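A.B. asks: So that we are looking at the same thing, I have put the structure below in structure tokens.
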Amino acid sequence: MTFIKNHQILIISLAIIVIILSVMGIFFIRRWLKASKSSNRKPISKIVKRAKSVIKTNKIKNNLGEIYIFYGDYLAAKDYIMKIKPDAQIIDNDELPLIVIDKNNPSLVFANDDLSNLYKFKNKLNLQFYKLNFCIDISNTHENNNISETYKELSKLRLKNFIISFYTSSEHYQSYNNAIGKKSIFKLTSNENSNNVDEAILLKILSHKDDVDDKYHNIKILNQIRKTLKNIYPQLKSIDKDVFINFSLNIPDNIIAKRDTIFFSSSPKGIIINLISLLFSCIFIINIFQQIGLKDKISIKNLDPSSEINAHQILKEARKKIDDTLLLDILYPKSIKYHFIYEQYANALLKNVILPKYNDSYDLSMVTSFLIFFEYLNNKDVNQETDGMLRIISSFTNLSEKQLEVVIKYTNRDLKVETIKTAISRANKLYTNRLLVVGEDSESYLSTQGFNAEYLGISNTKRAKFINDIYIKYLYKCTIDNSILDLKNNYIIPIEVNNIFSMYQEQFDTSSKKLCNSSYISSVTKSVSLIFNQEESERKFESFSDMLDHIYYLVKSLEKNANDVTDEGKEQTGSITVSLVNYVLNSVVNSTYNKDELPLINPVSKKLYMEFAPNFYSKKILISPIYSKEYIKDNIEPINKKFDRLLNNLKSNFNIEPDFMIAIYKSSINNYNAKYINSYNRMIDRLNNDTEFSKNISNKNALNLYLLAMSSKDSSFNSLIEFYSSNTDLISDESETNPTKKINKLQQFYGKIVKLSKQNDSKEQNDVSLWTPVDNYFKENDEYLKSKNYTDYREVYKQLNNLIREQGYSATYKEIKQGYKPLQKVYSDLSEINNPNNNNLYKLLKKHLDVAIDTIKTIAIQDAITKLDNTVNIEYEFINSQFPFNKDSNTIATNEMITKDFDSNGYIYSAFVEQLSPLLSYDKTDDKWHSEDFSTSEQIDYLNKFNKVYLLNKLLWDEKRNPKSIKFEITPIPNKDNDYTFFSIILDKQNYVNSLNIAYSNSMEINYNWNSLESTTITIKFEDGSTDQISYHGKWSILKAIKDANCDGNNICTWEVKHNGKTYPVSFKVESKFLQVLGWQKQGDTDVQ
């Protein structure tokens, strides 16, 4: 049995699985036997048998398949399946339906007008369909496409998805598919009908790079599909599933079918439920026999009834034994499962504690109390009167009220009868033999005078607690009086017991009734009950507001109870009330005073948080409504007024000044102010930390919307800033303009705590606002947001937008670069709130402005680059690939081409200057154009191109567009190891450099006329007087010579002249700005292209 208990969940689960498998097995066997006897199975048995064989051979375990309803003939259907499932095996009888089996699962293809064998195929192949595909042959128009009627016939299959697809035998279907692209499946929704979709398809066809003939056939195919859809579309609206349209031809859809439901037929389901019910019935029967055995094994022998902790431990162990023994013990209610344990426990308490205490009692009040309890026990009565008596018996026996309640509910009937007999017998003996006595305390207390005498002897510091003790004694007397009346009115009381009750009433009739019915004791009873029965010292408050409400309620209630006294105890009632008020303040406040933090008010649910969605931010901003001016007005100012009323009441009516409570209030106010400030800081910081913000403003449309939103007062961002402004300025304008209004008592105390100087009471005093810390913290920000400077801040976005609209991005960029005055003023004004201790609003507003400026710059630069890409860049790359711009090219750019592209009116030069010069700054020092805004590789590349174009123009033409000679600095390099005495480089008669093969300290300048065809010659004169030379002819002859030379990193170029079979090196240092621009020589650290 232990094994079964330890593995009960596993065993029961296995039993349920066995039941399910058995029932399902029997069910399917029966169906199989029935089906095997059917006479009409022959027409489909052959292909089903073949299909099962293929499924088994391919080891296909997935029974999740598709069903196709084909609108067309058998050959078209087969051709369609072969196209969408080329690797699948098709099984048929040379007519529809078809069984299609691929490597994953089987599918069925039926004609639209014959679904007779559908369910037979489904059952025999054990298939489940989650996707329905209606395929229509658009080559043959079907006017009566009864899709909705066919769908109704298939509704029992509970299909998940519904797809419309198309087939054609046209040879142009592949061209059509290429034109419409891969995204060809659309889901029909209430917002998107077939017209929207086929217009998109048509646009794809027209924009595709096909010849006219292909486009004609593609549009023809689309029109066939349109005609088909026009016929069936009204029927699709009645289908309650997801409807997809596959506009591709002869291509499978990519809608994935998911198994999300398990279907069972009704018959086995009922059998399974019944068998599971039988299983649980068996478990309950087993538990009954188990419980019978437990009663003999489990007994509470070592119970110490006087110790509730000991009893609790024994009961816990007994309950554990029951839980360990019973199967599925969690299903049983505790009152049933543990009944016989509670019965033993109740019997032990009655026999071992209550009855002995009763037998030892002779005090009339105590004996009466026990007899009342026994009467409730006998009648198994637990009501409001019983609760009072349980408290009395609890004080006699040290048993808890819960333990006594267990005695009344669970005591064994036989023991109960025996106990009642014993109690009655002893009551009769006590009454007959006059053994009952009246205790001294009862005689002295049971009068108003006795209460007063006892109370007045108590010192003030201990008075409240003693009031509670005296009150309990009087409460017991009044409770006994009420219980006797209750029992006499509702039950038949034995004579022996009634004699005791009558004796009690005779003894205490005058004093007790007078006391219990007096307004004095009624007031004290209500007050003491109100205070001490709520266990104030253990109560924890979540906020100062809760604590204030509670204290306010208690003080007002105590005050009301005291005012209700009309007899001679009015003076004593007042003193008692003062003691109780002091007790309330001390017990309630002291339990809270040491808390690290006592919020002013309770937080509200996050569902009530105010939500902001600023323009272009990916994150929503949430803020609690408790941090708002309206909430302060509606919810916190009333707390202020209520606290002030409480302080005035305590001072005037009780002569109490609770400075410690005011200190707690101050702490809560400070805590609230700190959280108030933090909540708005977090709101702004959350916006500042949104890294996705700038990414959302990256194109012209987004920038336009952004500039409009930032300039609009009603945009979501500016609404958030307005909310920030209005709720961080909490001190009203009235209090600022009228600082000499009288302050209330709370503010006096608050001013005292914070050591604010006060004037005499007879004079008007300065207002001490509780919200000054908040206002002071946000003062600079609020002043800015309410000033004209912030109006200018919003206006500058509008000005930038107008500037873009009127002049374009490039001109706007230029304005900004040159110091757009409205923008500069806004930046200057904004810097005034850049306080290091509170600058998050400054950062936010500056970030918004920076993003606008950066985006304008980025768009202007990208626009310029895009225009150059789309116009002159091809020409630039073309000419740049030719000599001399490409040193390794064999194709020489013509002078006419160079002039056409690079002179001051040149195609390339003009375009580069027009697009890029407004965005760049010229540096005369290094004769280059610069911009820090050009940062990406593409932008830097265009910056280098511009500098190259600019310098080419400057070097090759003068201001009048006349060709200009190119300057070269030539320095001869001596060669002592060779036997020649003279060498030279000659361009023309005026431009040449001679060398006597000695070291020259200075270079010589020569000019090269690039627009001529003059040759460049390297000449050597040997010691024997003979000469030799190398000549370079045609366009750019000097560059050809330099290209042919071996030039090192110091720009020293060496030519080799062959003479009489020997090679002679000739070296010149050749330097030119033109060579640097071409990229043949280094130009500082900058690359040119």
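Following the numbering used here, the numbering of the sequence shown begins with 414 at its first residue and continues without gaps.
By construction, the Cβ of each residue, glycine as well, lies at the ideal position given by its N, Cα and C atoms.
If you're wondering where the values come from, they're calculated on a predicted model, not measured in any experiment.
Going by C-alpha distance, which of His-585, Leu-545, Leu-649 and Phe-783 is nearest Asn-559?
C.D. replies: Answer by Cα proximity: Leu-649.
A.B. asks: State the beta-bridge partners of Thr-1440 as determined by DSSP.
C.D. replies: Note: Thr-1440 sits in a beta bridge opposite Lys-1434.
A.B. asks: Within 10 angstroms of the Cβ of Lys-640, are there 16 or more other Cβ atoms? Answer buried if so, exposed if not.
C.D. replies: Exposed is the call here.
A.B. asks: Rounded to whole angstroms, how far is the Cβ of Ser-1138 from the Cβ of Lys-1199, which I believe are closer than 8 angstroms?
C.D. replies: So it is a contact: roughly 7 angstroms between Cβ atoms.
A.B. asks: Quick one: grab the DSSP three-state call for Gln-502.
C.D. replies: In the structure shown, Gln-502 sits in a strand (DSSP, three-state: E or B).
A.B. asks: Roughly how far, in whole angstroms, is the beta-carbon of Arg-1207 from the beta-carbon of Ser-1107, given that I think they are within contact range, below 8 angstroms?
C.D. replies: That belief does not hold up - the Cβ atoms of Arg-1207 and Ser-1107 are roughly 19 angstroms apart, past 8 angstroms.
A.B. asks: Counting only runs that start and end within the region 1253–1277, where is the alpha helix (DSSP H) found for 4 or more residues in a row?
C.D. replies: The region 1253–1277 contains no whole alpha helix (DSSP H) run of 4 or more residues.
A.B. asks: Determine the extent of the alpha helix (DSSP H) in which Asp-1188 is found, giving its start and end residues.
C.D. replies: Segment 1185–1198, the alpha helix (DSSP H) holding Asp-1188.
A.B. asks: So, using beta-carbon positions, are Ile-460 and Ile-504 closer together than 8 angstroms?
C.D. replies: For Ile-460 and Ile-504, yes; Cβs fall inside 8 angstroms.
A.B. asks: Can you find the residues in the same chain that come closer than 7 angstroms, C-beta to C-beta, to Lys-617, ignoring five residues on each side of it along the sequence?
C.D. replies: Within the same chain, Lys-617 has close Cβ partners Ala-592, Ile-593 and Gly-594.
A.B. asks: If Ser-896 and Ile-785 are in contact, beta carbons under 8 angstroms, what's the gap, nearest whole angstrom?
C.D. replies: The pair is a contact, with the Cβ atoms about 5 angstroms apart (cut-off 8 angstroms).
A.B. asks: At the level of alpha carbons, what is the spacing between Lys-1358 and Leu-1491?
C.D. replies: Rounded to the nearest angstrom, the two C-alpha atoms are 11 angstroms apart.
A.B. asks: Report the residue from Ile-806, Lys-822 and Ser-813 whose alpha carbon sits nearest the alpha carbon of Asn-760.
C.D. replies: Ranking Ile-806, Lys-822 and Ser-813 by Cα distance to Asn-760 puts Lys-822 first.
A.B. asks: Hey, would you say Ile-1110 sits closer than 8 angstroms to Thr-1304, going by beta carbons?
C.D. replies: No, the pair does not count as a contact, with Cβ atoms beyond the cut-off.
A.B. asks: Would you be able to state if there are at least three C-beta pairs under 8 angstroms between the region 1362–1369 and the region 1312–1323?
C.D. replies: With a cut-off of 8 angstroms, the region 1362–1369 and the region 1312–1323 count as touching, because enough Cβ pairs lie within range.
A.B. asks: Do three or more CB pairs link the region 1236–1243 to the region 1083–1097 at distances below 8 angstroms?
C.D. replies: With the cut-off at 8 angstroms, the region 1236–1243 and the region 1083–1097 do not touch.
A.B. asks: Below 8 angstroms on the Cβ atoms is my contact criterion, and I expect Val-1001 with Val-968 to pass it. Report the Cβ-Cβ distance as a whole number of Å.
C.D. replies: The pair is not a contact, with the Cβ atoms about 10 angstroms apart (cut-off 8 angstroms).
A.B. asks: For Gly-524, which residues does DSSP report across the bridge?
C.D. replies: This sequence places Ala at residue 524; Gly is not what is there. Partner(s): Phe-483 and Asp-527.
A.B. asks: Could you please give me the residues that DSSP links to Cys-1460 through a beta bridge?
C.D. replies: The partner list for Cys-1460 (beta bridge, DSSP) reads Cys-1466.
A.B. asks: Round the Cβ separation of Tyr-481 and Ser-520 to the nearest angstrom and send it over; I've been treating them as touching at under 8 angstroms.
C.D. replies: So it is a contact: roughly 7 angstroms between Cβ atoms.
A.B. asks: Which residue from Tyr-775, Glu-818, Phe-1291 and Tyr-1421 puts its Cα closest to that of Ala-836?
C.D. replies: Residue Tyr-775 is the option with its Cα nearest to Ala-836.
A.B. asks: Apart from the five residues on each side of it in sequence, which residues of its chain come closer than 7 angstroms, Cβ to Cβ, to Lys-1032?
C.D. replies: So the list reads Arg-1099 and Asp-1103, once near-sequence residues are dropped.
A.B. asks: In three-state terms, what does DSSP make of Asn-1015?
C.D. replies: Note: Asn-1015 maps to coil in three-state DSSP.
A.B. asks: Roughly how many angstroms separate the alpha carbons of Asp-626 and Ile-1379, rounded to a whole number?
C.D. replies: Cα to Cα, Asp-626 sits roughly 58 angstroms from Ile-1379.
A.B. asks: Helix, strand or coil for Lys-1471, going by three-state DSSP, please let me know.
C.D. replies: Here Lys-1471 sits in strand by DSSP.
A.B. asks: What's the C-alpha gap between Asn-1308 and Asn-1293?
C.D. replies: If you take the alpha carbons of Asn-1308 and Asn-1293, they lie about 14 angstroms apart.
A.B. asks: Could you check if Leu-998 is buried or exposed, using at least 16 other CB atoms within 10 Å of its CB as the buried criterion?
C.D. replies: Looking at its Cβ environment, which holds 16 or more other Cβ atoms inside 10 Å, Leu-998 is buried.
A.B. asks: Using a beta-carbon distance below 8 angstroms, is Tyr-564 in contact with chain D?
C.D. replies: Looking at the structure shown, chain D is missing, and only one protein chain is on hand.
A.B. asks: I'd like to confirm something about Ala-524: is its beta-carbon nearer than 7 angstroms to some heavy atom of the ligand FMN, or not?
C.D. replies: Annotation note on the ligand FMN: not contained in the displayed structure, which lists no ligands.
A.B. asks: Looking only at its own chain, which residues have a Cβ that is under 6 angstroms from the Cβ of Met-1023, when we skip the five neighbours before and after it?
C.D. replies: Excluding residues within five positions, the ones whose Cβ falls inside 6 angstroms are Ile-1036 and Pro-1038.
A.B. asks: Closest to His-630 by CA distance: which of Ile-1069, Asn-1407 and His-585 is it?
C.D. replies: Comparing Cα positions, the closest option is His-585.
A.B. asks: Express the C-alpha separation of Gln-1494 and Ile-1386 in angstroms, rounding to a whole number.
C.D. replies: The straight-line gap from Cα to Cα measures roughly 18 angstroms.
A.B. asks: Roughly how many angstroms separate the alpha carbons of Glu-1327 and Asn-663, rounded to a whole number?
C.D. replies: So the two alpha carbons sit approximately 54 angstroms from each other.
A.B. asks: Going along the chain, which residues of its own chain have a beta-carbon closer than 6 angstroms to the beta-carbon of Phe-1325, five neighbours each way excluded?
C.D. replies: Closer than 6 angstroms at Cβ, skipping near neighbours: Phe-1359 and Val-1362.
A.B. asks: When DSSP labels each residue in this structure, what does Lys-533 get in the three-state scheme?
C.D. replies: Helix at Lys-533.
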